[in-house]
DNA sequence: GGCCCGCATGTAAACGTTTACATACGGTTC
DNA sequence: GAACCGTATGTAAACGTTTACATGCGGGCC
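Chains as they are written, first to last, in my numbering: chain A, 529 to 839; chain B, 529 to 839.
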């Protein structure tokens, strides 16, 4: 491994001069600069990022903690984060699959000294686990976490509003019997979407019918099953709002299987507006969530925390 | 920032002992170990990864270089890489959007000292750029790169075989007039898929018809346009093989628009088997590519290069 | 009792940088 | 020609760890 010392020796200068050439700081005579550069490329010298950030205590890297990498939602978020990060010359270090608290803690510790700050997107991390794992205070931004806590910067989807809007849309199309395929009740996103659904019904003075509030777990299968249950009801709904697109797609399959015409007999709406939504047949109406933008916003917030004045 | 020194001072031991406690190497009396641990948690001490890897010259991180983060292909690959990496206690550092050579070089340099090796997935990086940017030799694995070069480990999709298989499948269903919607000719994946198509025709002693080999560029739109052209031919093909699923979906749109029945009048096959393929109507037949597995294989190959004997 | 051994711990040098401070030197200014 | 200044460079101490080597100590063996 060729280091700054090797370059210095070959170029007959001190390490300080080489450092100045590569860090771009401090005065160096033009001729010296060129000589150092030439020697460096000849030797294939590349500054060692780790060593550099050890002394500058700046890594130009942001950490991203995810529960999982599966599905379009996460990949879109990452794309947004990456976009905003590279715009400011930052890199990404990724860590996924934090199923339990200890895994989360491990990931958090592993980041120490490797990142300037972290974006956390673990829906069911409790405040306790979070607080006790911020080693010293490098900045943190919570991305769509269940934890709606003033102590941390956070970026969230406006679930309630989105759900309310789309259900109102169904109402305006004349639907009065509107069902919801909800998600796991402990999931905040789901909970909020359910609240939005109820709010929209209240707005329209439609009574809630608990039979039309079926549970799901955000998977296609659960949407399929939920729809089957709804179809068996005597008072069959004329419209269904699925709390995410995967379940909506599952529901569509169930409807197709049952030979029910969409949207003539039963209308279906989803949430997330994932790209697939445009390709199912018939196209799915869905609440659009600017997923990548969510990532961008979180990143910008984090970068802001690094250098509040410069931006 | 609390360092190993602070812990040592408070626990009345030397830094060496604290280090031994946390790195798990070397003998420490049980009582001492506990005392150090307690002080450390009280002080919220977390070892500094950067400093650690500076001296051990081991980062437990692998770098991933991508051209882009957009689309299911890349997100699936990353998922596979992450899966295999975390299995061995490695982290990921991500760098995307290397549109030109200088960006690629920059990313490559930024990785120096931060990763133990890299996985490169830039379809159009030339050997030259690659070679001259391996600072010193940390291991490299090429993932589905155009560069089929013995100097580097690489993992690739078996394009030719996949294409040949699916076209043969069409042949076995009685099709004799089979068109291909190809991709950009300079793209290796596309080129190989085209070769597979021709091989299958040769296998079946069907003559090639250059009018049935239409160009595309891997986008939905290009598939749509290509299909339109094919539909206008006097000798209309009875089956179409699109070199990827996006183009196949575009082709399906064109067929629907033209009122052509699929698959009765024209059969369509794709390549990649992206999840959307199952949701279009009618479902698309496609060559399945185990994308995540591709990432896993690349990662395992890289990890192998780190410690050839231990695995 | 002298010797050796093994365990627990400490000391200090590394790792590859950056940077505050010191130094050297040529050119102004009085 | 002394005093000063600015520019280019060198010296060496940091950054937070790990680890080779040294030290001290208690015990078993002859």
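Idealized CB from N, CA, C, for every residue including glycine.
Query	Result
DSSP three-state assignment for residue 800 (chain A), whether helix, strand or coil	strand
Segment contact flag, the segment 821-829 of chain B with the segment 796-807 of chain B, C-beta cutoff 8 Å, min 3 pairs	no
Cβ distance (whole Å) where residue 724 (chain B) is taken to contact residue 691 (chain B) below 8 Å	3 Å
Anticipated Cβ contact below 8 Å, residue 606 (chain A) with residue 817 (chain A), distance rounded	15 Å between Cβ atoms; not a contact.
Residue 536 (chain B) to residue 542 (chain B) span [Cα, whole Å]	5 Å
Beta carbon of residue 643 (chain B) nearer than 8 Å to that of residue 589 (chain B)	yes
Cβ of residue 813 (chain A) within 8 Å of any chain B Cβ	no
Residue range of the beta strand (DSSP E) that includes residue 769 (chain B)	767-770
Alpha-carbon to alpha-carbon, residue 547 (chain B) and residue 556 (chain A)	40 Å
Between the CA atoms of residue 819 (chain A) and residue 587 (chain A) - distance to the nearest angstrom	26 Å
Supposed close pair residue 648 (chain A), residue 620 (chain A) - CB separation, criterion 8 Å	The pair is not a contact, with the Cβ atoms about 14 Å apart (cut-off 8 Å).
Exposure of residue 793 (chain B), with buried meaning 16 or more beta-carbon neighbours within 10 Å	exposed
Contact list for residue 770 (chain B) against chain A, beta-carbon separation under 7 Å	None at all; the shortest Cβ gap to chain A is about 15 Å.
Contact with chain A by residue 533 (chain B), beta-carbon distance below 8 Å	no
Length-filtered (4 minimum) alpha helix (DSSP H) runs lying within the segment 672-701 of chain A	687-700
Cβ of residue 817 (chain B) within 8 Å of any chain A Cβ	no
Cβ neighbours of residue 727 (chain B) in the same chain (closer than 6 Å, five flanking residues each side left out)	692
Length of the line joining the Cα atoms of residue 667 (chain B) and residue 559 (chain A)	35 Å
Close Cβ partners of residue 749 (chain A) (< 8 Å) along its chain, the five nearest in sequence each way excluded	778
Neighbour flag for residue 553 (chain A) against chain B, beta carbons, 8 Å	no
Enclosing beta strand (DSSP E) for residue 812 (chain B) [first to last residue]	Neither: residue 812 (chain B) is in no beta strand (DSSP E) and is coded neither H nor E.
Three CB pairs or more closer than 8 Å across the segment 628-641 of chain A and the segment 621-633 of chain B	no
Span of the beta strand (DSSP E) around residue 590 (chain B)	589-593
Contacts around residue 786 (chain A), its chain only, beta-carbon distance under 7 Å, and the 5 residues preceding and following it disregarded	759
Terminal residues of the alpha helix (DSSP H) in which residue 823 (chain A) lies	819-834
Residue 773 (chain A) burial status per 10 Å Cβ neighbour count (16 or more: buried)	buried
Backbone CA spacing between residue 622 (chain A) and residue 597 (chain B) [nearest angstrom]	13 Å
Reduced DSSP secondary structure (H/G/I, E/B, other) of residue 558 (chain A)	helix
Cβ pair residue 603 (chain A), residue 626 (chain A) closer than 8 Å	no
Neighbouring residues, chain B, relative to residue 751 (chain A) (Cβ below 8 Å)	None at all; the shortest Cβ gap to chain B is about 13 Å.
Spatial neighbours of residue 824 (chain B) in its chain, beta-carbon cut-off 8 Å, leaving aside the 5 residues before and after	608, 609, 611, 612
Exposure of residue 584 (chain A), with buried meaning 16 or more beta-carbon neighbours within 10 Å	exposed
Minimum Cβ-Cβ distance from residue 624 (chain A) to chain B less than 8 Å	yes
Contact check, residue 710 (chain B) vs residue 741 (chain B), beta carbons under 8 Å	yes
Residue 747 (chain B), DSSP secondary structure in three states	coil
Beta-carbon proximity of residue 577 (chain A) to residue 638 (chain B), cut-off 8 Å	yes
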